[in-house]
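Protein chains: 2
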Amino acid sequence: MKKAKLTFLGTGTSSGIPMIACDCPVCRSADPRDKRLRASVLVEYGGLTILVDAGPDFREQMLRQDVHHLDAILLTHNHKDHTGGLDDIRALNLAERHPVNIWCEPYVEATLRREYGYAFAEQKYPGAPEWRVHVIDGTAPFTVHSNANEEVLEWERGFGYHHLPPQPAPDISVEIVPIRGWHHREKIIPVLGYRFGNIAYLTDIKMLDSDAELEKLRGVEYVTLGCVKIAEHHSHPSLQECLDFFEKVGARESYITHLSHQLPFHEEFAAMLPPHVHPAWDGLVLE
Amino acid sequence: MKKAKLTFLGTGTSSGIPMIACDCPVCRSADPRDKRLRASVLVEYGGLTILVDAGPDFREQMLRQDVHHLDAILLTHNHKDHTGGLDDIRALNLAERHPVNIWCEPYVEATLRREYGYAFAEQKYPGAPEWRVHVIDGTAPFTVHSNANEEVLEWERGFGYHHLPPQPAPDISVEIVPIRGWHHREKIIPVLGYRFGNIAYLTDIKMLDSDAELEKLRGVEYVTLGCVKIAEHHSHPSLQECLDFFEKVGARESYITHLSHQLPFHEEFAAMLPPHVHPAWDGLVLE
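Line by line, the protein sequences are chains A and B.
Heads up: the first sequence begins at 53 in the working numbering, then just goes up one per residue.
Heads up: the second sequence begins at 53 in the working numbering, then just goes up one per residue.
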């Protein structure tokens, strides 16, 4: 089984922690592990650098890790806290001289076309984001390749990018397994989790589509799931639903992400969880 | 003439400084004044708290100033670096129990409807942003009122907000003067600057619409303009165009904002400017 390295860039719910205008003890905590940007992870896998989700903190997250190169962005679903920072890939276009490859479901692409219309326009505003969207249906493993295989962008001042043919580059690619889940018990909003060999990253999944998805997680060493509060929630699992999921998967270590200020302080929360289940924090590395 | 207090929350161009994946000396500067979030200002004026623009750094900017209350957001134009953070007003909705009032031009509202469709939906996802858009045409002064005069939001778990009638509140309002400019010499993208009594905030304006707009700036004590580089630029004024504008306005002190890493270090840039013209920085207060 191929090994991945995963860095949590953000482990907060849609509002992050602290939340604007909130004076609760968790939002006012001095523990750096209680400061949570919006949920996102950076995965190094099979020679590729892959980001999962690019929420509003994308720029800050790239700066903190001093990222100079991204082969691919995988999107879990179309909510703003997972897609709101995509405009800032412009800086990577300039540095890498390649479009950024994005993998997502058709309905997520439709949202990008609406919310980033200027990046899909025929006649682009000079400097608008350059990306290539690869659509997946989430039923079968898919292959992600290096962005070095993509066309070359040449900047012309006052005009924008010219698109030149790809230059010969080593053909590096990896296979990723999508996991079908739903953001809501009524199966309204589809979400994808992703398995990278020994690590599976899932968030914003209230329930898996079926037990067949659970089979796809067999044998992982690390698994994550999003949880915003201990009690029942309409679109995220309760803590008990998380623990049940972790037990079914049976990973060596399990991590909770997408935390809100409704959960206890990081340290208190860690202490109340079973062995091998942990709250993640911004900057935590699994490898 | 009424006095305003203006705090620069961000003084950077669309990519901010540092820019992702950039190793230039300005992006690697240790001077905190060389760290620039996306352009935005907080204005206290006539008893109201008014934000101009809400780019992708909106959450971070609200947290840095510990903002608990906003009466209004004025938008200068529809580019992502000025509107990309609006989803995060959700936290203010929860804290203030009022919608956030947004003032902008009709074409900017159209962009919001496209890029934040879920906030305009008939049947909203629970917790989606609650705002009220007030459309202005930019030709005449307009009145901004306290958000305390707006309907009351009552949260119901699992459902979302109920909208209740406004509760009696003191009627505080102020008049703001819009200044018509263009983002491009060919007058393609309209932009509004705003005058708050003794202070006028303008950015992303390559040229004013006409000399009539200049008249609206007569007598200001402080004025700003955006500049991304010293040389000619297709959509922002060159440094010389900025200096010419500042001379025509004749304010006591003039500030350059929306800076990019193509300009020198803050300290070097400040030293090369005429007296009474200064680069702004994140956190600078004018009053």
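We treat Cβ as the ideally placed atom computed from N, Cα and C, and that holds for glycine.
- Rounded to whole angstroms, the gap between the alpha carbons of R90/A and G271/B is 44 Å.
- Within the model, the alpha-carbon separation for R304/A versus H328/A is close to 7 Å.
- For N153/A, the enclosing beta strand (DSSP E) stretches over residues V152 to C156.
- For F297/A, no Cβ of chain B is located within less than 9 Å of the residue's own Cβ.
- Flagged as an interface residue toward chain B: S66/A, by a C-beta distance shorter than 9 Å.
- Here H150/B is not near S92/B, since their CB atoms are 9 Å or more apart.
- Among the residues of chain A, those whose CB is under 7 Å from the CB of R111/B are G68, I72 and P108, following chain order.
- Under the three-state reduction of DSSP, T163/A is assigned to helix.
- Within the same chain, and ignoring the five residues on either side of G136/A in sequence, the residues whose Cβ sits closer than 7 Å to its Cβ are G107 and P108.
- Counting the other Cβ atoms within 10 Å of the Cβ of P77/A gives fewer than 16, which makes it exposed.
- Not flagged as an interface residue toward chain A: Y97/B, since no C-beta distance is shorter than 9 Å.
- Note: V280/A is not bridge-paired with any residue in the DSSP secondary-structure output.
- DSSP places H318/B within a helical segment (H, G or I) once states are collapsed to three.
- Put simply, of D263/A, S198/A and T128/A the residue whose alpha carbon is nearest the alpha carbon of P222/A is S198/A.
- Counting along the chain, L144/B sits inside the alpha helix (DSSP H) bounded by residues R142 to E148.
- Residue-level contact by beta carbon holds for R166/A and chain B, with a gap shorter than 9 Å.
- At a cut-off of 9 Å between C-beta atoms, V275/B does not count as an interface residue with respect to chain A.
- Between G278/A and H310/A, the beta carbon gap of about 3 Å places them in contact (Cβ cut-off 8 Å).
- For G169/A, the enclosing alpha helix (DSSP H) stretches over residues G169 to F172.
- One finds I72 and A73 in chain A with Cβ atoms closer than 8 Å to the Cβ of V119/B, taken in chain order.
- Non-local C-beta neighbours of E206/A in its own chain, meaning closer than 6 Å and more than five positions away in sequence, comprise H214 and L216, ordered along the chain.
- Within the segment 227-269 of chain A, complete beta strand (DSSP E) segments of at least 3 residues are found at 242-248 and 251-253, given in chain order.
- Contact check between the segment 122-129 of chain A and the segment 59-68 of chain B: fewer than three CB pairs, one atom from each, fall below 8 Å, which does not count as touching.
- Note on geometry: alpha-carbon atoms of F298/B and V280/B lie some 16 Å from one another.
- Proximity of chain B to H286/A at the Cβ level (cut-off 8 Å) is accounted for by P178 and G210, in chain order.
- Residues K55, A56, K57 and L58 of the same chain have their beta carbon placed closer than 8 Å to that of E339/A, with the five preceding and five following residues left out of the count.
- Annotation: Cβ neighbours of L144/A in chain B (cutoff 8 Å, chain order): I72 and A73.
- For K258/B, the closest Cβ of chain A is not nearer than 9 Å.
- Distance from the CA of D296/A to the CA of S290/A, rounded to the nearest whole angstrom, comes to 10 Å.
- About 6 Å separates the Cβ atoms of I228/A and F194/A, confirming a contact at the 8 Å cut-off.
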